[in-house]
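**Student:**
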Amino acid sequence: MYLVDAKRLYGWVGYSAHRYLGSGDAEVWDWGAGLSFPDLFHKGSLGGIFVGMEPKLTTLSKNINLGAGLGQVDKDTSLHIEGFYQYQLSDNIAITPGVIWITAPDFDADNPDSVVAWLRTTFRF
Numbered sequence: 003m004y005l006v007d008a009k010r011l012y013g014w015v016g017y018s019a020h021r022y023l024g025s026g027d028a029e030v031w032d033w034g035a036g037l038s039f040p041d042l043f044h045k046g047s048l049g050g051i052f053v054g055m056e057p058k059l060t061t062l063s064k065n066i067n068l069g070a071g072l073g074q075v076d077k078d079t080s081l082h083i084e085g086f087y088q089y090q091l092s093d094n095i096a097i098t099p100g101v102i103w104i105t106a107p108d109f110d111a112d113n114p115d116s117v118v119a120w121l122r123t124t125f126r127f
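Residue numbers for the sequence shown follow our numbering, beginning at 3 and rising by one.
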């Protein structure tokens with residue numbers, strides 16, 4: 003569900019309820035928000051930033067074990083932080099460098115953060 007849907011600002015909040023037949027229930031939340039910058043530094047180019055939380059197990063029945071122990075939910079909050087800049091070289095070619103930073107991977111602050119960078123080229127014909 004989109005809370006705000008505009009050309010420059012967007013976001014969502016998600017909730018799901020899970021039922022494990024004969025065992026119990028769980029709740030999962032996620033959210034995200036982003037901001038885009040059309041024509042940033044150059045006509046036709048686009049910059050963007052995004053921050054969000056991947057689906058997080060927040061409630062779990064005490065008799066269910068999903069791998070962390072009976073009734074154990076995700077202990078920390080993992081954030082997805084992303085930035086990119088799509089530079090329009092011509093009408094048909096764009097180059098997009100970007101970076102993603104994941105804090106507390108697998109919802110565990112003891113895990114080192116992950117950083118992924120990329121460079122994408124888009125050809126339109």
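Ideal Cβ positions, reconstructed from N, Cα and C, are used throughout, including at glycine.
This one's a predicted model, so the numbers in the text were calculated from it and none came from an experiment.
Relative to the C-alpha of residue 120, which residue among 109, 114, 75 and 103 is closest?
**Tutor:** Ranking the options by Cα distance to residue 120, first place goes to 103.
**Student:** Can you tell me which residues form a DSSP beta bridge with residue 70?
**Tutor:** For residue 70, which the question treats as bridged, DSSP gives no partner whatsoever.
**Student:** On the DSSP bridge assignment, give the partners of residue 42 in chain order.
**Tutor:** Partner(s): none; residue 42 has no beta bridge.
**Student:** Which ranges does the beta strand (DSSP E) cover as unbroken runs of at least 3 residues, wholly within the region 86 to 126, from first to last along the chain?
**Tutor:** List check, beta strand (DSSP E) in window: 95 to 104 and 116 to 125.
**Student:** For residue 10, name the three-state secondary structure that DSSP assigns.
**Tutor:** If DSSP states are grouped into helix, strand and coil, residue 10 belongs with coil.
**Student:** Mark residue 76 as exposed unless 16 or more other C-beta atoms lie within 10 angstroms of its C-beta, in which case mark it buried.
**Tutor:** It counts as buried.
**Student:** Quick one: is residue 91 buried, meaning 16 or more other Cβ sit within 10 Å of its Cβ, or exposed?
**Tutor:** Exposed, by the Cβ-count rule.
**Student:** Distance check for residue 35 and residue 89, CA to CA, integer angstroms please.
**Tutor:** Near 22 Å, if we compare the C-alpha coordinates of residue 35 and residue 89.
**Student:** In chain order, what residues of the same chain have a beta carbon less than 8 Å from the beta carbon of residue 117, not counting five sequence neighbours either side?
**Tutor:** These residues qualify, in order along the chain: 101, 102, 103 and 104.
**Student:** I'd like to know whether the C-beta atoms of residue 59 and residue 30 end up nearer to each other than 8 Å.
**Tutor:** A contact, by the Cβ cut-off of 8 Å.
**Student:** Take residue 17 and list the residues in its own chain whose beta-carbon comes closer than 6 Å to its own, dropping the five residues that flank it on each side.
**Tutor:** Excluding residues within five positions, the ones whose Cβ falls inside 6 Å are 31.
**Student:** Identify the continuous beta strand (DSSP E) that holds residue 53 and give its terminal residues.
**Tutor:** It spans 48 to 62 - the beta strand (DSSP E) in which residue 53 sits, taken as one unbroken run.
**Student:** According to DSSP, residue 18 sits in a beta bridge with which residue or residues?
**Tutor:** BP columns for residue 18 point to 30.
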